[in-house]
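Student: Below is the structure I would like to discuss, written out as structure tokens.
There are 2 protein chains.
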Amino acid sequence: MSSVDSPVFPAYLGVDVGGTSIKIGIVDDSGQSLAHGKIATEHEKGPENGVARILSFAKALLEEAGVIWQDIRAVGLGTPGTMNVKEGELLHMPNMSGWNFFPIRSYVEEQSGKPVAFINDGNAAAYGEYWVGRGREYDSLVMFTLGTGVGGGIILQDIPLHGDNSHGSECGHITIESGPDARICPCGQPGHLEAYVSATSLVKRAKERLAAGEASSLISVLQRDGVISALDIANHAEQGDVFAKTLVVETAEFLARGITTMMHIIDPAIVVLGGGMDFGGSASPIGQIFLETIRRTVTELTFPVLAENTIIDFATLGSSCGYIGAAGVARKQYGQISS
Amino acid sequence: MSSVDSPVFPAYLGVDVGGTSIKIGIVDDSGQSLAHGKIATEHEKGPENGVARILSFAKALLEEAGVIWQDIRAVGLGTPGTMNVKEGELLHMPNMSGWNFFPIRSYVEEQSGKPVAFINDGNAAAYGEYWVGRGREYDSLVMFTLGTGVGGGIILQDIPLHGDNSHGSECGHITIESGPDARICPCGQPGHLEAYVSATSLVKRAKERLAAGEASSLISVLQRDGVISALDIANHAEQGDVFAKTLVVETAEFLARGITTMMHIIDPAIVVLGGGMDFGGSASPIGQIFLETIRRTVTELTFPVLAENTIIDFATLGSSCGYIGAAGVARKQYGQISS
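Chains as they are written, first to last, in my numbering: chain A, 5 to 343; chain B, 5 to 343.
Here it is in structure tokens:
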């Protein structure tokens with residue numbers, strides 16, 4: 005690991021549980037990641053086994069982080085699926101049903117001997133960006149996480165919006181279309197944002213239009229591999245394929261509708277876009293077209309004051325935002341207030 | 005005024021400014037309205053004149069309320085239009101442009117000698133329902149105010165959601181439709197909830213369908229008066245007109261889409277429906293059909309946990325919710341904490 009600034013104590017253990025892998029990091033009181041890595045979820049072995057491997061891996065990170073276990077004030081834990089945040093319990097975990105109804109907060113507290121802050125993964129990511137990422141200078145933030153699905157989080161004056169049933173901040177499940185042609189979301193409902201801007205929906209839209217006879221250099225990929233991916237679409241857009249570029253612009257326009265609704269309800273200081281489906285982000289010309297199209301469309305759709313003032317930009321923490329944010333929520337709940 | 009319970013001191017002055025009239029009440033620390041009334045806005049005389057008449061009327065209410073001016077701890081002031089809540093300034097006031105850019109909070113503080121809490125009228129109404137109305141037992145609430153337009157408010161753990169630019173909680177400006185046939189909202193944007201469920205849009209939809217030849221007892225009203233109103237539609241639905249009833253059901257279905265999006269973002273404990281466009285509310289069979297259709301449609305559209313747990317019901321404070329809520333916000337900011 006590259007050299008870091010001197011750690012600011014106490015430190016926190018941040019854990020971001022996913023269906024495939026679990027990201028784990030030791031984060032200091034200033035939000036600096038001192039050491040991090042990931043392990044396979046291997047969910048089929050059950051949650052007790054997962055927690056044992058999380059804690060074992062965390063202890064192996066201590067030396068690199070330059071801290072001892074006693075320096076860890078608390079654990080922050082973000083998970084996908086549905087949950088009861090107040091009770092610290094997992095409810096339904098997509099594709100990892102062996103973890104359903106597991107009282108994970110109290111179990112990690114027992115096994116680690118540390119207090120545990122429990123949060124959904126979307127709000128953990130949003131809190132990371134709010135605390136030390138793109139949103140660090142602002143006091144309210146909405147994050148959209150664009151990937152295979154669409155998630156997100158909302159932070160208002162340092163408080164993640166969990167909702168009364170731990171179902172707040174479901175940024176992918178905003179309705180943007182309700183007519184008879186509305187696309188069906190993986191959740192089963194029509195017209196949700198996720199059904200228009202996820203990687204899955206991008207590929208679906210591309211295949212529909214190619215099947216209808218539109219011309220594109222993507223056809224050769226489809227013929228060669230039998231499938232196309234969101235990354236193929238991004239790459240071909242980058243290489244100048246007009247069809248692929250149109251899909252990127254269309255995705256941005258759909259997303260802008262969801263962002264607009266969020267601005268009219270939450271009116272955050274900043275809207276942050278994270279996840280892998282960012283078309284290369286700010287480093288890429290296509291990522292820039294994606295972002296500029298979102299900004300232009302939001303400006304057309306929203307109130308003038310919001311169009312002028314609300315910042316819309318890419319996230320800056322990459323895939324670290326989840327464990328850093330989880331650590332940040334642990335600091336907020338159990339740490340000393342040092343900033 | 006009917007007899008009230010013994011006032012709980014201190015008391016607050018609540019003011020709900022509208023384009024036509026201003027509602028003013030003296031509210032005690034328990035949320036009980038001790039005396040109230042309304043005056044004409046007469047906006048063309050300017051804001052200084054309006055404030056003078058508000059304070060003069062308020063002082064005339066003191067005797068009925070059984071309090072003296074020294075018992076009034078603070079003033080709560082709700083206004084329509086756009087504003088800067090932090091700075092206490094009105095920005096654009098629809099149909100009362102002489103009030104634009106008026107620094108109303110500091111002016112009322114000077115003139116009254118009391119601290120003033122300033123809030124938009126939608127959040128004031130929502131806070132009233134949250135404090136002592138239908139939402140009094142819950143710690144998060146979303147209110148939709150259905151009238152000529154559609155407004156609303158959001159209260160999370162006792163805090164009204166103003167937003168970073170005082171543009172949060174714009175419940176009428178959630179997008180529910182984005183196709184080419186989307187209706188245009190009075191704000192100029194396509195597909196907003198207000199364009200589907202306001203009284204104005206209800207009448208518009210009725211006239212479109214009557215013009216297209218649908219049968220209804222409303223045709224006689226249109227022939228007699230040249231116009232129909234939302235109240236006519238409610239009355240004819242009540243009298244059994246199938247066409248009018250269909251319009252009520254359709255309005256409920258549109259509203260359910262907006263409520264669903266709000267539930268997926270905010271996940272409040274309770275959603276409250278206020279304003280005049282409630283088809284008679286719980287006292288009326290048509291109001292009951294309206295509410296049941298909303299509940300059934302939301303159940304179809306939302307996540308099972310939310311469908312099961314989230315309460316959806318009519319508001320209980322009627323047109324008093326605005327001044328009571330404004331008083332409540334004044335109590336929250338400047339009062340003693342007695343509950």
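Glycine included, each C-beta is placed from N, C-alpha and C at the ideal position.
Hey, quick one: how far does the beta strand (DSSP E) through Asn-124 of chain A stretch, first residue to last?
Tutor: Numbered from 1 along the first sequence, position 120 holds the residue referred to as residue 124 of chain A. Here the beta strand (DSSP E) through Asn-124 of chain A covers 120-124.
Student: Taking Cβ positions, are Ile-316 of chain B and Ile-298 of chain B nearer each other than 8 angstroms?
Tutor: Residue numbering aside, residue 316 of chain B sits at position 312 when the second sequence is read from its first letter. Residue numbering aside, residue 298 of chain B sits at position 294 when the second sequence is read from its first letter. Taking 8 angstroms as the Cβ cut-off, Ile-316 of chain B and Ile-298 of chain B qualify as a contacting pair.
Student: Can you give me the Cβ contacts of Phe-148 of chain A inside the same chain, cut-off strictly under 6 angstroms, excluding the 5 residues immediately before and after it?
Tutor: What you label residue 148 of chain A is simply residue 144 of the first sequence in a count that begins at 1. Cβ neighbours of Phe-148 of chain A beyond the five flanking positions: Gly-156, Cys-175, Leu-277.
Student: Arg-213 of chain A by DSSP, collapsed to three states: which one?
Tutor: Taking the first sequence and counting its residues from 1, the one referred to as residue 213 of chain A is at position 209. Three-state result, Arg-213 of chain A: helix.
Student: Determine the closest residue to Asn-127 of chain A out of A:Asn-99, A:Ser-170, A:His-96, with distance taken between C-alpha atoms.
Tutor: Against the first sequence, residue 127 of chain A aligns to sequence position 123. Closest option to Asn-127 of chain A, Cα to Cα, is A:Ser-170.
Student: In whole angstroms, what is the alpha-carbon distance linking Gln-227 of chain A and Leu-235 of chain A?
Tutor: The sequence position of residue 227 of chain A within the first sequence is 223, counting from 1. The sequence position of residue 235 of chain A within the first sequence is 231, counting from 1. For Gln-227 of chain A and Leu-235 of chain A, the distance between alpha carbons rounds to 16 angstroms.
Student: Using C-beta distances below 6 angstroms, list every residue in its chain close to Ile-293 of chain A, excluding the 5 sequence neighbours before and after it, in chain order.
Tutor: As a working note, residue 293 of chain A is residue 289 in the first sequence. Only residues of its own chain outside the window of five on either side were considered, and among them none has a CB closer than 6 angstroms to the CB of Ile-293 of chain A.
Student: Would you say Asn-92 of chain B lies against chain A (beta-carbon separation less than 8 angstroms)?
Tutor: Reading the second sequence from its first residue, position 88 is the one you call residue 92 of chain B. The question names Asn, but residue 92 of chain B in the sequence shown is Gly. It does not; no Cβ of chain A falls within 8 angstroms.
Student: By the criterion of Cβ-Cβ separation under 7 angstroms, what are the contact partners of Met-100 of chain A in chain B?
Tutor: The residue labelled residue 100 of chain A in the question sits at position 96 within the first sequence. Chain order gives no chain B residues near Met-100 of chain A, where near means a beta carbon separation below 7 angstroms; the closest approach is about 19 angstroms.
Student: If the cut is a Cβ gap below 8 angstroms, which residues of chain E does Gly-139 of chain B touch?
Tutor: In the structure shown, chain E does not exist; the protein chains are A and B.
Student: Is the segment 329-336 of chain B touching the segment 122-141 of chain B, taking contact as three or more C-beta pairs under 8 angstroms?
Tutor: yes
Student: Which residues does DSSP list as the beta-bridge partners of Ala-44 of chain B?
Tutor: In the second sequence, counting from the first residue as 1, residue 44 of chain B sits at position 40. Per DSSP, B:Ser-25.
Student: Using only CA atoms, which one of B:Glu-257, B:Asp-229, B:Gly-322 lies nearest to Ala-376 of chain B?
Tutor: The structure shown does not extend to residue 376 of chain B, since chain B spans only 5 to 343, so no value can be given for it.
Student: Looking at the secondary structure, which residues open and close the alpha helix (DSSP H) in which Gly-157 of chain A lies?
Tutor: Along the first sequence, one-based indexing puts residue 157 of chain A at 153. From DSSP, Gly-157 of chain A is part of no alpha helix (DSSP H) but of the beta strand (DSSP E) over 154-160.
Student: Does the CB of Ile-269 of chain A have a neighbour CB from chain B at under 8 angstroms?
Tutor: Here residue 269 of chain A refers to the residue found at position 265 of the first sequence. Judged by the 8 angstroms Cβ criterion, Ile-269 of chain A is in contact with chain B.
Student: Tell me, please, whether the CB atom of Thr-297 of chain A is closer than 8 angstroms to any CB atom in chain B?
Tutor: In the first sequence, counting from the first residue as 1, residue 297 of chain A sits at position 293. Answer no: the Cβ-Cβ gap between Thr-297 of chain A and chain B never drops below 8 angstroms.
Student: Looking only at its own chain, which residues have a Cβ that is under 8 angstroms from the Cβ of Lys-211 of chain B, when we skip the five neighbours before and after it?
Tutor: If you number the second sequence from 1, residue 211 of chain B lands on position 207. Excluding positions up to five away in sequence, the list reads Leu-226, Ile-232.
Student: On the premise that Leu-150 of chain A lies in contact with Glu-133 of chain A, defined as a C-beta separation below 8 angstroms, what is that separation, rounded to the nearest angstrom?
Tutor: To locate residue 133 of chain A, count along the first sequence from 1; it is residue 129. To locate residue 150 of chain A, count along the first sequence from 1; it is residue 146. So it is not a contact: roughly 14 angstroms between Cβ atoms.
Student: Identify which residue in A:Val-12, A:Glu-312, A:Val-154 has its Cα closest to the Cα of Thr-255 of chain A.
Tutor: Within the first sequence, numbered from 1, the residue matching residue 255 of chain A stands at position 251. Of A:Val-12, A:Glu-312, A:Val-154, the residue nearest in Cα terms is A:Val-154.
Student: Grouping DSSP H, G and I as helix and E and B as strand, with all else coil, what is Gly-176 of chain A?
Tutor: On the first sequence, residue 176 of chain A is found 172 positions in, with the first residue counted as 1. Residue state, collapsed to three classes: helix.
Student: Cα separation between Lys-118 of chain A and Asp-75 of chain A?
Tutor: Against the first sequence, residue 118 of chain A aligns to sequence position 114. Against the first sequence, residue 75 of chain A aligns to sequence position 71. Approximately 11 angstroms between the Cα atoms of the pair.
Student: Mind the definition here: the segment 177-186 of chain A touches the segment 174-190 of chain B only if three or more C-beta pairs lie below 8 angstroms; say whether that holds.
Tutor: For the pair of segments examined, the segment 177-186 of chain A was found to touch the segment 174-190 of chain B: the number of CB pairs separated by less than 8 angstroms reaches three.
Student: For the segment 158-178 of chain B, which residues have a CB atom closer than 9 angstroms to at least one CB atom of chain A, in sequence order?
Tutor: Correct list: Ile-158, Leu-160, Gln-161, Ile-163, Leu-165, His-166, Gly-167, Asp-168, Asn-169, Ser-170, His-171, Gly-172, Ser-173, Glu-174, Cys-175, Gly-176, His-177, Ile-178.
Student: Just the Cα atoms here: how many angstroms apart are Ser-343 of chain A and Thr-320 of chain A?
Tutor: Counting from one through the first sequence, the residue named residue 343 of chain A turns up at place 339. Counting from one through the first sequence, the residue named residue 320 of chain A turns up at place 316. With a pLDDT of 44 at Ser-343 of chain A, under the threshold of 50, the modelled position of this residue cannot be trusted; read the value that follows with caution. Those two C-alpha atoms are separated by around 21 angstroms.
Student: From which residue to which residue does the alpha helix (DSSP H) around Val-302 of chain A run?
Tutor: The residue you call residue 302 of chain A lines up with position 298 of the first sequence. Looking at the DSSP string, the run of the alpha helix (DSSP H) that includes Val-302 of chain A is 289-305.
Student: Which class does Ala-273 of chain A belong to by DSSP, given the choice of helix, strand or coil?
Tutor: Looking up residue 273 of chain A in the first sequence gives position 269. For Ala-273 of chain A, the three-state secondary structure derived from DSSP is coil.
Student: With a Cβ-Cβ cutoff of 8 angstroms, do Pro-98 of chain A and Pro-84 of chain A count as a contact?
Tutor: Indexing the first sequence from 1 puts residue 98 of chain A at position 94. Indexing the first sequence from 1 puts residue 84 of chain A at position 80. For the 8 angstroms CB-CB criterion, Pro-98 of chain A and Pro-84 of chain A form a contact.
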